[in-house]
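These notes concern the structure reproduced below.
Numbering (my numbering), first residue to last: 1 to 172.
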């Protein structure tokens, strides 16, 4: 197995852009082996996650699709389904607060179980700045190990390496 704690700590601490380690690529390939994401021929782990690609990918995973065109306009049906299940992310890019909240919901949808065991006494750095609607899901995401760094900047954009790390966790 992979030491996820160490890896996410490394990811969270902003690895220099030119460094791409084997584990980052491993998460990418693990995810791609479960769902073929078309439009990622030039995968850049350090790029910000844009919402079009994000929403297409999570919609496909939620539906159990084996393939998805990441760069197409989100279908009305997928838009409505993601909105109803609180997985939809809006804006141009996916912030860490929105992404973690959304991915926690995706995890709950895939497992068919709501995360009930979580601690709200954790002092995340800058948590007072996090949008109220994301807070409970971020506590839940932390409780199940979707992220482990309490110093994370929730307002920053999520990077593809972080997305693929979490998708690998969810699809495992």
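Every residue gets a Cβ at the ideal spot worked out from N, C-alpha and C, and that includes glycine.
From the DSSP output, read off the bridge partner residues of residue i.
i	result
residue 170	Paired residues: none, contrary to the question.
residue 159	48
residue 93	50
With a CB to CB cut of under 7 Å and the five nearest residues on each side skipped, what residues in its chain are close to residue i?
i	result
residue 44	160
residue 91	51
residue 89	51, 54, 55, 98, 99 and 102
residue 64	none
Mind checking whether the beta-carbon of residue i lies closer than 6 Å to any heavy atom of the ligand GDP?
i	result
residue 159	Among the components of this structure there are no ligands whatsoever, and the ligand GDP is therefore not found.
For the alpha helix (DSSP H) holding residue i, just list the boundary residues, first then last.
i	result
residue 37	Run containing residue 37: none in the alpha helix (DSSP H); it sits in the beta strand (DSSP E), 36-38.
residue 69	From DSSP, residue 69 is part of no alpha helix (DSSP H) but of the beta strand (DSSP E) over 67-69.
residue 111	96-111
residue 82	76-84
Pull up the CB-CB distance for residue i and residue j, whole angstroms please, since I reckon it's below 8 Å.
i	j	result
residue 186	residue 152	Residue 186 cannot be examined here, being either before or after the span of the chain that is shown, 1 to 172.
residue 96	residue 53	16 Å between Cβ atoms; not a contact.
residue 103	residue 141	7 Å
residue 36	residue 66	6 Å
residue 130	residue 154	5 Å
residue 193	residue 49	Beyond the ends of the chain as shown, which are 1 and 172, falls residue 193; an answer cannot be given.
residue 139	residue 120	5 Å
In chain order, what residues of the same chain have a beta carbon less than 8 Å from the beta carbon of residue i, not counting five sequence neighbours either side?
i	result
residue 69	38, 39 and 56
Output needed for residue i: all residues of its chain with C-beta closer than 6 Å, excluding positions within five of it in sequence on either side, in chain order.
i	result
residue 158	49, 94, 96 and 99
Every unbroken beta strand (DSSP E) inside the stretch 124-155 [3 residues or more]:
none
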